[in-house]
Amino acid sequence: MTAIAPEAEPLDEDEAGVVDERSTFAPVDLIGEALTALLARPSRAVLTALGTVLGVAALIATLGLSRTAGAQIVSTFDELAATEVQVEPGGGGFFGDRDVSTIPWDAEDRLVRLNGVSSAGTLSDVDVQGALVRSVPVVDPLGRNEFQIPVRSASPGLFDAVRTQLRTGRIFDEGHSERSDPVVVLGPGAAARLRIDRVDNTPAIFIGDQSFAVIGIIDDVERQPGLLSAILLPDGTARERFGLAAPAEVQIEVEVGAAQLIGEQAAIALDPNDPTRLRVRVPPEPRAVRADVEDDVNALFVVLGAVSLLVGALGIANVTLVSVLERTGEIGLRRALGARRRHIAAQFLTESATVGFLGGLLGATVGVLIIVGVSAVRDWTPVLDVELALVAPVLGAVVGLVAGAYPALRAASTEPIEALRG
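Quick note on our numbering: the sequence shown kicks off at 22 and runs consecutively.
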């Protein structure tokens, strides 16, 4: 008789590289198995998804809030900085006398005639020859009531140009300057040092031996913050009493969009004979500054959101790995019943991706609610990135896949005999 050789046992696909077509695992089966595994431990699934929820919510919220805050910053910049023009000596000139101020005393009147100028005023530092300032007529021998306070002169239009908020009293006008009246307006810092908080009793201060009546106290300014700690005199008073030769600079507030035009016309209006002796400073193009501000703010918050998302990914990886270790017996049984390595890996990858997808979906919802809530509290206009909110669930699923890669490979490499024996 001829001996019949026994039929060779088929090789495992991972050993021979041959795929057994009879062994199938449809996507529906994968999702069903993943949901069953997740619902078997609902509290763990919720805690696992919570990391992704927080990460995606942080990413959506930080990006949205950065854009919203950036829009507010840019809006403030456009409204304040884009309407400011300054003129000062130093352009050079044909005769090289760049250090000599050629700004006329009637600079304010010349500039307000230009179309687009809302207000303008001159500002100068006054040389008081080292004189100390006090608010009492008697000099303390110990010098406890005398202070070194900066003294500056201004034309009446300066207060509107720097957007002054007056705490009490009034500002000086053109009449005070023409008559060289001995009046001053105090910044809040100077008023605090001189211990003057009201003007209804006509307080006076002394700059050296000269007395001046205090007619007003400033509360705040939006431009030229140095005025907050200074004593302000009318230009005419500074010229008469301290020999001020010419205004040192001009502060101009223009209408939105007129800065470039006024920057070209201001020097000609102030010094038509040689406008090159004046240097005009105009704000940069708001569109470029807006882009720079938004890019800087977005870069900062993207890093914070990415860190939060990384924390969520580590949470998924950790919980999935623990799940693999706890389900060693189940993995061994599935392998013994014919499940391939790819089936085991696909199951755990599907579980981690499902957790990531659900976490991304909830995280996007929470992030949008945070943006709307913060904007409502701050009275901002929310800026939402709809595309990012729609992509967030997919992003969560990708994070879940990446986080579950190592645990899935760990599960797929488990030998059936060792798993069942354990």
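Even for Gly, the Cβ is constructed at its ideal location relative to N, Cα and C.
Here the structure is a predicted model, which means the values were calculated and not measured.
For the stretch 201 to 263, list the alpha helix (DSSP H) runs that are entirely contained and at least 4 residues long, ordered along the chain. 209 to 215 and 256 to 263
Measuring CA to CA, which of L249, A234, R216 and L215 is closest to P224? A234
Alpha helix (DSSP H) segments (min. 4 residues) lying fully within the stretch 325 to 373: 349 to 357
Run the CB neighbour count on P177, radius 10 Å, all protein chains shown included, and call it buried at 16 or more, exposed below. buried
For R219, does the count of other Cβ atoms within 10 angstroms reach 16, so buried, or fall short, so exposed? exposed
What is the DSSP secondary structure of T123, reduced to helix, strand or coil? coil
Within this structure, are the beta carbons of L215 and I226 separated by less than 7 angstroms? yes
Would A78 and V387 be called neighbours here (beta carbons separated by less than 7 angstroms)? yes
Residue range of the beta strand (DSSP E) that includes Q169: Per DSSP, Q169 belongs to no beta strand (DSSP E) and is neither H nor E.
Between T73 and V420, how many whole angstroms is the CB-CB distance? I'm expecting something under 8 angstroms. 6 angstroms
Close beta carbons around V345, own chain, < 7 angstroms, minus the five adjacent residues each side: F369, P428, R431 and A432
Have a look at D295, G284, A290 and I289 and flag the residue whose alpha-carbon is nearest the alpha-carbon of R302. G284
Sort S139, L390, L60 and A266 by Cα distance to D85 and report the nearest one. According to the sequence shown, residue 85 is Gly rather than Asp. Nearest C-alpha to G85: L390.
Kindly confirm or deny that the stretch 278 to 292 and the stretch 125 to 140 touch, where touching means at least three C-beta pairs closer than 8 angstroms. yes
CB-CB length for P296 against A280, believed under 8 angstroms: Rounded, the Cβ-Cβ distance is 17 angstroms, inconsistent with contact.
Rounded separation between A82 and V412 - CA only: 14 angstroms
Give me, in chain order, the residues of the same chain whose beta-carbon lies closer than 8 angstroms to that of L75; leave out the 5 immediate sequence neighbours on both sides. S329, V332, G333 and G384
Cβ shell of P203 (< 8 angstroms), same chain only, five flanking positions each side left out: Q231, S232, F233, A234, T258 and R262
Identify the residues that DSSP records as bridge partners of Q8: which are they? As shown, the chain starts at 22 and ends at 443. That puts residue 8 outside it, with no answer to give.
For F168, collect the residues of the same chain with a Cβ closer than 6 angstroms to its Cβ; drop the 5 residues on either side in sequence, then sort them by chain order. V154 and R214
Short check: CB of I238 to CB of T185, under 7 angstroms? no
Quick check on L299: does DSSP put it in helix, strand or coil? strand
What are the boundary residues of the alpha helix (DSSP H) that includes Q281? A280 to L291
Expected contact under 8 angstroms - CB spacing of L249 and G208 to nearest Å: 4 angstroms
List the endpoints of the continuous beta strand (DSSP E) containing G190. T185 to G190
Assuming A251 and V149 are in contact, meaning their beta carbons sit under 8 angstroms apart, how far apart are those beta carbons, in whole angstroms? The pair is not a contact, with the Cβ atoms about 12 angstroms apart (cut-off 8 angstroms).
Could you give the distance in angstroms between the alpha-carbon of S44 and the alpha-carbon of S64? Note that S44 has pLDDT 49, beneath the 50 cutoff, so the model's placement of it is unreliable and the number below is only indicative. Computed Cα separation, rounded: 33 angstroms.
When the Cα atoms are used, what is the spatial distance from R356 to V340? 22 angstroms
My output table needs one value for G117: the three-state DSSP class, helix, strand or coil. Because G117 sits at a pLDDT of 45, beneath the cut-off of 50, its placement in the model cannot be relied upon, and the point is left open.
What does DSSP give as the partner residue(s) for A175 in the beta ladder? L144 and P255
Assign P246 to buried or exposed, taking buried as 16 or more other Cβ atoms, counted over all protein chains shown, within 10 Å of its Cβ. exposed
Identity of the residue in L299, R165, L382 and A424 nearest A338 by Cα: A424
Who are the near neighbours of D256 in its chain, counting only those whose CB is closer than 8 angstroms to its CB and skipping five residues on each side? W126, T143, S145, S174, A175, S176, S198, L265 and P268
Report buried or exposed for V147, applying the criterion of at least 16 other Cβ atoms within 10 angstroms of its Cβ. buried
Helix or strand or just coil, what does DSSP make of N155? In the sequence on display, residue 155 carries Arg and not Asn. Looking at R155 - three-state DSSP - the assignment turns out to be strand.
Which residue from A55, T89, L342 and Q107 puts its Cα closest to that of V271? Q107
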